[in-house]
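Reading through the structure tokens given below for one structure.
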Amino acid sequence: MKVVCQVVEEYNLEIYLTTQQNLRLNNVPEHVVKTIKSKIEPYGIIFKAKGLFPLPRVCVGAPHCKMAKIDTARLSEKIMNHFGDRTGIKEKLKIAIGACTLGCSGTRSTDIAIEATGSGLNVYAGGKDGVAPRAGIRIKKGITETEVIEVIETLVDFHQQKTNKKQRLYRLLNDPAFPYQKV
């Protein structure tokens, strides 16, 4: 963050923290984009680009929240270690992880959501925000992290096969070939 703040000051930029937990630099002149990227890339900054696997939106999780059942950052890292190299992912697909069922990370309104409970992890599919919000449906209950990875893989593969353009997962819930039922 220190380097990002230095870059912001040096180039008189604006910082915007998005609802997807991204940091956006606004008012970047085109002629300094490469220079700015080269200054902050060495610190592990990942730049958004079409086709990349979506970084999960997470709540603060354990040990920082008394309601938390899991460490959401660790599960997010596990998911990204498994899927991070995948490319060609269609836009609009979003993932959220909640350390409990309160939904602080917007789990019920996300394409693929993982919520921790006292008896394992629940997975929801098909949620969305926007003008006509929809809550996702629970498709798995009380499963393990390994099983969560398998479910995400199945859902992402299904989304990739069934869509020709950017499209939210909720539009595919009624497809006869949708791989999961509501539980």
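If you want this note's numbering, it's the position in the sequence shown, counting the first as 1, plus 113.
Note that beta-carbon positions come from the ideal geometry of N, C-alpha and C, so glycine has one too.
These numbers were taken from a predicted model, which means no experiment stands behind them.
Residue span of the alpha helix (DSSP H) that contains residue i, given as start and end
| i | result |
| --- | --- |
| isoleucine 101 | This structure leaves residue 101 out entirely; the chain is present only between 114 and 296. |
| glutamate 258 | 258-275 |
| cysteine 150 | According to the sequence provided, residue 150 is lysine. The question's cysteine does not apply to it. Its alpha helix (DSSP H) spans residues 146-153. |
Nearest-angstrom Cβ-Cβ length linking residue i and residue j, presumed shorter than 8 Å
| i | j | result |
| --- | --- | --- |
| lysine 222 | lysine 241 | Contrary to the premise, residue 222 reads as serine rather than lysine in this sequence. About 6 Å; that satisfies the 8 Å criterion. |
| glycine 239 | isoleucine 250 | 6 Å |
| glutamine 280 | lysine 179 | About 38 Å; that fails the 8 Å criterion. |
| threonine 220 | glycine 211 | 4 Å |
| isoleucine 225 | isoleucine 265 | 6 Å |
| leucine 126 | asparagine 140 | 5 Å |
| lysine 161 | valine 120 | Not really, about 17 Å apart at Cβ, beyond 8 Å. |
Cross-strand partners of residue i (DSSP beta bridge)
| i | result |
| --- | --- |
| arginine 170 | Ala209 |
| arginine 247 | Lys241 |
| glutamate 127 | Asn139 |
| glycine 219 | Looking at the DSSP assignment, glycine 219 forms no beta bridge with any residue, so it has no partner. |
| leucine 165 | Beta-bridge pairing links leucine 165 to no other residue. |
| asparagine 235 | Glu228 |
| lysine 253 | Val236 |
Straight-line Cα distance separating residue j from residue i
| i | j | result |
| --- | --- | --- |
| leucine 285 | lysine 203 | 14 Å |
| leucine 168 | arginine 187 | 13 Å |
| isoleucine 192 | leucine 234 | 14 Å |
| isoleucine 128 | alanine 290 | 43 Å |
| valine 116 | isoleucine 252 | 42 Å |
| leucine 268 | glycine 197 | 15 Å |
| alanine 248 | isoleucine 183 | 22 Å |
| cysteine 213 | glutamate 263 | 21 Å |
| aspartate 270 | glycine 216 | 25 Å |
| leucine 165 | arginine 199 | 7 Å |
| glutamine 274 | alanine 209 | 22 Å |
| isoleucine 149 | glutamate 143 | 10 Å |
| tyrosine 124 | valine 236 | 43 Å |
| asparagine 277 | proline 292 | 19 Å |
| proline 155 | lysine 163 | 21 Å |
| arginine 170 | glutamine 134 | 6 Å |
| glutamate 122 | alanine 229 | 40 Å |
| isoleucine 159 | leucine 136 | 10 Å |
| valine 296 | asparagine 287 | 15 Å |
| tyrosine 283 | lysine 207 | 11 Å |
| glutamate 258 | alanine 175 | 16 Å |
| lysine 147 | glutamine 294 | 46 Å |
| valine 145 | lysine 254 | 48 Å |
| valine 244 | alanine 181 | 30 Å |
| cysteine 172 | threonine 185 | 7 Å |
Residue range of the unbroken beta strand (DSSP E) whose run includes residue i
| i | result |
| --- | --- |
| glutamate 204 | Glutamate 204 -> no beta strand (DSSP E), and no H or E assigned at all. |
| threonine 230 | 225-230 |
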